[in-house]
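Following: one structure in structure tokens, then a few remarks.
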Amino acid sequence: MAETAQYYRIRLTNIPRTQEDELSVIAFGHGALGVSEALSFTQPDLTYDPSLIPKRFLDVDVFFETKPEQKFFDGVKGLNPLIQIETITEDQKDWLEEWKKGFVPFKLVGPVWVVPSWLEKPPEAQLQVRIDPGMAFGTGTHATTKMASYFVHKLAQENADKVKDWTVLDVGTGTAILAVLAERVGYGMITGIEIDPEARRKARENLILNQTKDVIVTDQLLEEVREQFDVVIANIIDGVLIKLRKDLIRVVKPQGHLFLTGILQERDNLFFEKFIEASPELKVIKRIQKDEWVGYWVQRIN
Numbered sequence: 005m006a007e008t009a010q011y012y013r014i015r016l017t018n019i020p021r022t023q024e025d026e027l028s029v030i031a032f033g034h035g036a037l038g039v040s041e042a043l044s045f046t047q048p049d050l051t052y053d054p055s056l057i058p059k060r061f062l063d064v065d066v067f068f069e070t071k072p073e074q075k076f077f078d079g080v081k082g083l084n085p086l087i088q089i090e091t092i093t094e095d096q097k098d099w100l101e102e103w104k105k106g107f108v109p110f111k112l113v114g115p116v117w118v119v120p121s122w123l124e125k126p127p128e129a130q131l132q133v134r135i136d137p138g139m140a141f142g143t144g145t146h147a148t149t150k151m152a153s154y155f156v157h158k159l160a161q162e163n164a165d166k167v168k169d170w171t172v173l174d175v176g177t178g179t180a181i182l183a184v185l186a187e188r189v190g191y192g193m194i195t196g197i198e199i200d201p202e203a204r205r206k207a208r209e210n211l212i213l214n215q216t217k218d219v220i221v222t223d224q225l226l227e228e229v230r231e232q233f234d235v236v237i238a239n240i241i242d243g244v245l246i247k248l249r250k251d252l253i254r255v256v257k258p259q260g261h262l263f264l265t266g267i268l269q270e271r272d273n274l275f276f277e278k279f280i281e282a283s284p285e286l287k288v289i290k291r292i293q294k295d296e297w298v299g300y301w302v303q304r305i306n
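Here our numbering is used: the first residue of the sequence shown is 5, the next is one more, and so on.
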């Protein structure tokens with residue numbers, strides 16, 4: 005009898021959120037197949053609308069095909085000696101099936117539900133975004149994605165007679181969940197950009213899965229984008245948003261809208277100073293907070 009294929013899951017706990025990006029660089033630099041935050045959910049009723057249980061420190065699973073070299077473990081401890089490490093060997097088929105069991109259809113925003121590609125649409129879902137996440141970020145359960153979804157839907161509601169003529173840029177599109185949502189709620193041409201090639205591949209598969217007509221995912225970097233858009237979505241961690249500030253504002257049309265999510269509440273004051281106050285051409289339309297995350301809806305006034 006052939007042996008079941010196995011993989012290595014390295015569970016890292018007690019990671020400060022400020023070191024999340026550095027940890028990902030270390031993991032992929034040592035050949036990781038993927039990095040996934042181990043999220044805790046609560047589902048108080050049968051609406052299948054999971055909510056994240058906020059945690060100050062991250063728990064992360066790093067996946068490897070073979071056991072990583074000692075240099076990986078040394079790199080993690082060098083980043084932060086308080087990070088705890090556990091190595092687990094698991095059967096690949098068990099990992100995939102268990103992961104699928106934990107991902108159920110749920111209401112994303114308004115009439116739109118997120119439905120895993122391997123399940124049927126619930127009867128109460130008027131519109132659906134079908135998702136096969138793979139290793140890309142964006143299943144719709146994260147607080148930052150929910151905030152961005154709220155902004156996308158709210159703006160469409162308030163401008164129902166106009167949005168069909170508006171263009172949208174989704175920066176760091178991940179699985180393309182927000183790009184597909186934008187089409188579902190009525191926006192015109194939507195472009196997703198993503199620096200990770202695996203995420204781009206998965207995003208394009210999800211566009212086919214959702215039979216989108218007005219969404220594309222390009223290989224462009226943000227600094228290479230020359231057009232301006234009516235709406236720009238940037239569901240990205242706050243430190244990266246600050247680095248991209250000038251280019252993000254540049255690609256927004258005058259009077260256009262920019263959605264900024266991925267801001268940790270503990271760094272909100274710094275973000276406000278470095279991004280919002282540093283940009284006199286922006287006006288804050290709305291600020292919202294969900295769990296430990298903050299989102300801004302701003303408009304470019306000139």
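In this text, a Cβ means the ideal position worked out from N, Cα and C, and glycines have one as well. Fair warning: this is a prediction, and the values are worked out from it, not measured in the lab.
Can you tell me whether DSSP reads residue i as helix, strand or coil?
i: HIS261; result: strand
i: GLY33; result: helix
i: ASN18; result: strand
i: LEU123; result: coil
i: PHE76; result: helix
i: ARG134; result: strand
i: ILE87; result: coil
i: TYR52; result: The predicted model places TYR52 with a pLDDT of 39, which falls under 50 and marks its position as unreliable; any figure quoted below should be read in that light. Coil at TYR52, not helix or strand.
i: LEU27; result: helix
i: SER40; result: strand
i: LEU252; result: helix
i: ILE220; result: strand
i: ILE305; result: coil
i: THR93; result: strand
i: LEU226; result: helix
i: GLY4; result: No statement about residue 4 is possible, as the shown extent of the chain runs from 5 to 306 and does not include it.
i: GLY144; result: coil
i: ILE57; result: Confidence at ILE57 is low in this model, with a pLDDT of 47, below 50, so the placement of that residue is unreliable and no value is reported for it.
i: LYS150; result: helix
Where does the unbroken alpha helix (DSSP H) through residue i begin, and where does it stop?
i: GLU202; result: 201-213
i: LYS247; result: 242-247
i: THR70; result: Counting along the chain, THR70 falls outside any alpha helix (DSSP H), and DSSP gives it neither H nor E.
i: LEU286; result: Unbroken run through LEU286 is the beta strand (DSSP E), 286-294; no alpha helix (DSSP H).
i: PHE107; result: First-last for PHE107: undefined, no H or E at that position.
i: LEU274; result: 272-275
How far does the beta strand (DSSP E) with residue i in it reach, from first residue to last?
i: PHE110; result: 110-113
i: ASP234; result: 233-239
i: ILE280; result: That residue, ILE280, is in no beta strand (DSSP E); it is neither H nor E in DSSP.
i: THR195; result: 194-197
Since I believe residue j is in contact with residue i (beta carbons under 8 Å), could you give me their beta-carbon distance rounded to a whole number of angstroms?
i: PHE107; j: THR70; result: 27 Å between Cβ atoms; not a contact.
i: SER153; j: LEU185; result: 6 Å
i: VAL189; j: HIS157; result: 5 Å
i: VAL4; j: LEU252; result: A question about residue 4 goes unanswered here, because the residues of the chain that appear run from 5 up to 306.
i: ALA183; j: VAL219; result: 5 Å
i: ARG204; j: ASP223; result: 7 Å
i: ILE89; j: LEU27; result: Not a contact, Cβ separation roughly 12 Å.
i: ILE19; j: ASN84; result: 7 Å
i: GLN257; j: GLN293; result: Per the sequence presented here, residue 257 reads as Lys, with Gln not at that position. Contact doesn't hold; Cβ gap of about 28 Å is too wide.
i: PHE76; j: LEU37; result: PHE76 to LEU37, Cβ: 13 Å. No contact.
Between residue i and the ligand MG, is the CB less than 7 Å from at least one heavy atom?
i: VAL184; result: Among the components modelled here there is no ligand, and therefore nothing to report on the ligand MG.
Three or more C-beta pairs under 8 Å: does that hold for the region 114-122 against the region 253-266? no
Go through the region 155-184 residue by residue and report every complete run of the alpha helix (DSSP H) that reaches 4 residues or more, in order. Within the region 155-184, no alpha helix (DSSP H) run of at least 4 residues lies entirely inside it.
Between the region 205-212 and the region 239-247, do at least 3 Cβ pairs fall closer than 8 Å? no
Validate contact between the region 161-171 and the region 274-291 using beta carbons, cut 8 Å, 3 pairs: no
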